[in-house]
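For the sequence shown, the working numbering assigns the number 136 to the initial residue and increments by one for each residue that follows.
Here a beta-carbon is modelled for each residue, glycine too, at the ideal position from N, C-alpha and C.
For reference, the structure is listed below as structure tokens.
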Amino acid sequence: MYKISRVVALVSGLIPASLMAQSIEGVIKSSDGNAVAGALVTVEGTSAKTVTNSDGSFLLNDLSAGSAELHISASGYAHLYEDIVLTEAGVKSLALTLIRSPIEVIDIAGSPIHMSVMESASPVSVLSGENLRRQQASTLGDTLEKLPGVQTNFHGNVASTPIIRGLSGPRVLIAQNGLDVSDVSRVGPDHSVATEASTSQQIEVLRGPATLFYGSGAVGGVVNVVDGRVPTDNTTRGEWLLETNSADEKQLATFNVTTGYESFGFYADGYWRESEDYDVPVEAEVEEEEHDHEEESHDYVVENSAEKSNGFTLGASYLFEEGYVGVAVEQFNREYGIPGHSHDGDVSVFADLEQTRVQVLSEIYVQSQWLNKVSVKGGITNYEHAEIESGSVGTLFENDGQELKVDLLHNPFADWNGGFSIHFKNNDMSAVGEEAFSPPSESQTLALAAMEEKHFGDVLLQFGARIERVTIDADNVLLPALEAHDHEEEAEDDHDHDHGDEETATRVFDVAHKFTPVSLSAGLVWDFVPGYNFGISVSRSERAPSAAELLSFGPHIGTNSYEVGALFALDGEEIGLSNQTIDLETANNIDLTLRKTQGDLAFVFNAFYNQVDNYYYQTSTGLYVESSHDHDHDHDHDEGEEEEHFDELPVYIFAANDVVLNGFELQVAWQATDTFKATVFSDFVRARLKDGGNLPRTSPMRFGTQLAYIDDNLTANLDVTRYQSQDHVAEDETSTDGYTMLDVSVSYDLPISSQDIMVYLKGTNLTDTEARVHTSFIKDIAPRPGRSFAVGVRGNF
Numbered sequence: 136m137y138k139i140s141r142v143v144a145l146v147s148g149l150i151p152a153s154l155m156a157q158s159i160e161g162v163i164k165s166s167d168g169n170a171v172a173g174a175l176v177t178v179e180g181t182s183a184k185t186v187t188n189s190d191g192s193f194l195l196n197d198l199s200a201g202s203a204e205l206h207i208s209a210s211g212y213a214h215l216y217e218d219i220v221l222t223e224a225g226v227k228s229l230a231l232t233l234i235r236s237p238i239e240v241i242d243i244a245g246s247p248i249h250m251s252v253m254e255s256a257s258p259v260s261v262l263s264g265e266n267l268r269r270q271q272a273s274t275l276g277d278t279l280e281k282l283p284g285v286q287t288n289f290h291g292n293v294a295s296t297p298i299i300r301g302l303s304g305p306r307v308l309i310a311q312n313g314l315d316v317s318d319v320s321r322v323g324p325d326h327s328v329a330t331e332a333s334t335s336q337q338i339e340v341l342r343g344p345a346t347l348f349y350g351s352g353a354v355g356g357v358v359n360v361v362d363g364r365v366p367t368d369n370t371t372r373g374e375w376l377l378e379t380n381s382a383d384e385k386q387l388a389t390f391n392v393t394t395g396y397e398s399f400g401f402y403a404d405g406y407w408r409e410s411e412d413y414d415v416p417v418e419a420e421v422e423e424e425e426h427d428h429e430e431e432s433h434d435y436v437v438e439n440s441a442e443k444s445n446g447f448t449l450g451a452s453y454l455f456e457e458g459y460v461g462v463a464v465e466q467f468n469r470e471y472g473i474p475g476h477s478h479d480g481d482v483s484v485f486a487d488l489e490q491t492r493v494q495v496l497s498e499i500y501v502q503s504q505w506l507n508k509v510s511v512k513g514g515i516t517n518y519e520h521a522e523i524e525s526g527s528v529g530t531l532f533e534n535d536g537q538e539l540k541v542d543l544l545h546n547p548f549a550d551w552n553g554g555f556s557i558h559f560k561n562n563d564m565s566a567v568g569e570e571a572f573s574p575p576s577e578s579q580t581l582a583l584a585a586m587e588e589k590h591f592g593d594v595l596l597q598f599g600a601r602i603e604r605v606t607i608d609a610d611n612v613l614l615p616a617l618e619a620h621d622h623e624e625e626a627e628d629d630h631d632h633d634h635g636d637e638e639t640a641t642r643v644f645d646v647a648h649k650f651t652p653v654s655l656s657a658g659l660v661w662d663f664v665p666g667y668n669f670g671i672s673v674s675r676s677e678r679a680p681s682a683a684e685l686l687s688f689g690p691h692i693g694t695n696s697y698e699v700g701a702l703f704a705l706d707g708e709e710i711g712l713s714n715q716t717i718d719l720e721t722a723n724n725i726d727l728t729l730r731k732t733q734g735d736l737a738f739v740f741n742a743f744y745n746q747v748d749n750y751y752y753q754t755s756t757g758l759y760v761e762s763s764h765d766h767d768h769d770h771d772h773d774e775g776e777e778e779e780h781f782d783e784l785p786v787y788i789f790a791a792n793d794v795v796l797n798g799f800e801l802q803v804a805w806q807a808t809d810t811f812k813a814t815v816f817s818d819f820v821r822a823r824l825k826d827g828g829n830l831p832r833t834s835p836m837r838f839g840t841q842l843a844y845i846d847d848n849l850t851a852n853l854d855v856t857r858y859q860s861q862d863h864v865a866e867d868e869t870s871t872d873g874y875t876m877l878d879v880s881v882s883y884d885l886p887i888s889s890q891d892i893m894v895y896l897k898g899t900n901l902t903d904t905e906a907r908v909h910t911s912f913i914k915d916i917a918p919r920p921g922r923s924f925a926v927g928v929r930g931n932f
């Protein structure tokens with residue numbers, strides 16, 4: 136022992152003081168002097184982190200002498216940054232104070248630089264913890280729809296994607312742990328998102344352009360589902376849940392567990408869900424409402440809205456002092472009906488979705504002259520989605536995706552922090568069958584991005600730039616001889632048309648498009664007085680049109696239309712190749728944000744203005760084509776015409792036009808007492824063509840109140856949300872009445888042995904209101920579920 140001590144002393148004497156390992160010891164309390172337990176304390180730019188114990192104290196070891204920035208976060212409190220100087224003696228008895236914030240301040244995991252709800256130049260929202268479990272639904276869009284600025288394109292309780300500020304589809308990226316989910320949900324509203332909310336830790340929403348981090352497919356925003364499939368530690372913990380729901384007889388069971396041994400961490404999760412057709416308070420189809428149902432008792436349901444889902448994930452990591460590297464494998468299975476999609480009037484069509492995803496995630500802090508951290512994310516996805524009728528596959532969608540993202544963060548340079556990102560993504564998508572409206576294609580993206588930020592006193596500046604190379608290749612694009620007609624001409628000709636076999640491929644050709652989108656952004660956050668900040672973010676984002684927007688030419692039953700891509704043009708009643716140049720879609724966006732971040736009352740107000748040039752959207756041609764099946768959809772014709780044209784699809788063609796979207800989001804939270812909190816919110820978006828007219832299916836104005844009571848064991852929530860009527864509609868689009876939703880939930884904690892057990896009851900749409908979602912393609916045949924109650928039990932250990 137004496138010899139070892141002498142060696143240690145000799146080596147220590149040869150090492151410069153600046154490289155000696157130091158420690159930080161301190162305590163964290165609230166503004167009223169109480170200890171804050173469970174606060175996360177990290178040293179920015181390093182892997183050092185710890186959690187405060189029951190008396191609020193913490194200890195960080197093995198730190199290098201010099202300047203350091205502490206970041207402290209805890210549930211219910213505003214974040215705290217503290218600049219310190221580590222001397223040879225370290226830092227002892229550091230006393231820090233956290234100030235309450237009734238709006239949860241949560242870090243964004245999907246950002247390579249630090250970003251949180253109350254500190255970012257760009258508006259972000261996070262759904263996590265108890266709020267996530269309380270609001271989780273069977274689909275992603277329905278789970279997120281109570282967040283400000285986010286609504287759902289509700290598709291009969293079986294599929295939905297989030298709508299952010301009036302934008303969705305190819306403009307809103309759905310990611311999992313920062314990587315594209317690589318499904319086909321952005322192509323059609325009846326395609327389910329291949330990710331599961333019930334096993335996630337948090338879901339992040341970046342409102343407005345997020346192209347710097349995720350690419351040009353995120354000009355409208357990003358939804359990032361975060362889970363622990365690649366563990367970053369080996370602490371044993373887990374969660375399980377059992378639930379049943381009355382509206383659709385849903386049965387749900389989920390679990391996730393993290394554990395480990397020495398330098399290894401292990402993770403597993405799984406879920407099983409099954410439901411029947413769901414109940415509605417009125418006849419599902421609008422046309423049926425005028426029938427006389429007095430003195431009759433009916434149980435109304437939305438036909439073909441049942442689903443069965445299951446999946447599991449296994450992950451493992453190698454953990455070391457400087458970071459981790461790990462891999463996870465997920466199997467995702469979902470079988471669900473497609474409401475309103477029936478053939479021959481009585482044969483229901485359902486989708487059978489299977490996806491296998493492999494993700495590799497790594498973060499390594501490096502000690503070099505230039506680099507500080509290297510983050511690597513990679514994924515391989517195999518997706519298959521079959522639409523089945525009468526036991527046979529009618530249409531098969533497939534997508535093979537590969538993605539690699541490398542973030543290189545540098546050491547502070549003249550007090551600038553940030554780095555570079557290299558991003559590669561490839562998607563090979565095909566659709567084969569009678570309703571394959573888009574030909575097989577391969578889309579590839581290679582990008583380089585830079586992000587930098589610097590504090591100037593109370594002002595934070597952020598800058599970013601990204602350049603991409605996007606290619607879209609297809610070698611089997613069809614130009615059919617389409618026999619289309621309008622109803623006025625048909626009436627004049629006494630309906631004397633041959634509606635037999637209307638499509639014959641007159642031309643098959645190859646397509647190879649190359650685009651170079653460039654995106655730039657700048658942001659500022661000014662803490663102008665303690666507890667308040669003002670943010671401004673400006674960006675110019677370019678997007679290459681998707682393969683579906685360019686190449687579509689066929690019946691798309693999910694949208695009840697015959698879709699024609701922007702590669703084609705209408706000349707009278709003939710459709711041929713377009714002579715117009717395919718331009719990049721360019722969004723010029725400005726966001727203004729005002730926040731009160733501390734105290735018993737906090738608020739966030741965002742106002743935005745987004746001008747998009749060459750915005751690709753579907754516009755009506757006024758023409759119709761015969762469909763080969765009866766697709767039980769509503770038509771906007773009178774009864775005589777409906778009987779005559781029940782088996783027709785309207786022809787919509789993708790056109791490019793300049794549009795303007797503007798609006799706001801407001802959230803105000805008041806922590807009235809230690810146990811009672813009230814939150815009010817509102818959001819609004821106006822989406823219109825610059826030359827006049829409205830964009831279709833725009834989210835209506837919305838406002839609501841959320842009341843929460845949280846005691847030691849009892850938690851109760853009351854949510855009242857008002858959706859206004861929407862009469863800013865596009866051509867051939869119908870308006871939608873407003874409605875009010877009333878939801879409640881009550882839970883009780885039962886500490887049993889080493890587990891925290893919670894039993895809960897949730898009631899939704901308690902007034903049994905008829906609620907038709909304006910943004911839904913099938914609003915006239917599939918309203919929201921009626922009054923329902925869910926009972927469940929959840930455990931944490």
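Candidates the options: closest to residue i by CA position
i      : options                           : result
Thr869 : Val908, Thr875, Asn848 and Thr856 : Val908
Val881 : Ile234, Phe193 and Arg269         : Arg269
Asp726 : Trp661, Ser674 and Phe819         : Ser674
Trp407 : Phe390, Thr394 and Glu420         : Phe390
Ser860 : Asp867, Thr875 and Asn852         : Thr875
Val319 : Met250, Thr296, Glu538 and Phe650 : Thr296
Cα-Cα separation, residue i to residue j
i      : j      : result
Val358 : Ala224 : 45 Å
Leu655 : Leu175 : 33 Å
Pro547 : Ser565 : 46 Å
Ala737 : Gly666 : 9 Å
Asn931 : Gly363 : 15 Å
Thr694 : Ile234 : 49 Å
His326 : Leu275 : 12 Å
Gln336 : Gly450 : 15 Å
Trp551 : Leu659 : 14 Å
Thr728 : Trp661 : 10 Å
Glu418 : Val436 : 8 Å
Asp915 : Phe740 : 34 Å
Phe743 : Val252 : 17 Å
Thr910 : His691 : 17 Å
Leu376 : Asp884 : 14 Å
Pro920 : Gly898 : 12 Å
Coil, strand or helix - residue i by DSSP
i      : result
Asp277 : helix
Val926 : strand
Ile309 : strand
Thr716 : coil
Gln270 : helix
Leu702 : coil
Ile692 : helix
Ala906 : coil
Thr346 : helix
Ser527 : strand
Ser246 : coil
Val421 : helix
Heavy atom of the ligand FMN within 8 Å of residue i beta-carbon
i      : result
Trp375 : Of the ligands one can find in the structure shown there are none, so the ligand FMN has no counterpart to examine.
Beta-ladder partner(s) of residue i, from DSSP
i      : result
Gly554 : Leu544 and Met586
Glu465 : Thr448 and Arg492
Gln579 : Asn561 and Thr606
Ser656 : Gly599 and Ser674
Ile219 : Ala203
Asn380 : Lys385 and Ala925
Phe912 : Paired residues: none, contrary to the question.
Neighbour flag for residue i against chain D, beta carbons, 9 Å
i      : result
Ser834 : The displayed structure is made up of one protein chain only, and chain D is not part of it.
inquiry  = Quick check on the DSSP output: what are the complete beta strand (DSSP E) runs of length 3 or more inside the region 788-855, in order along the chain?
reply    = 811-824 and 837-845
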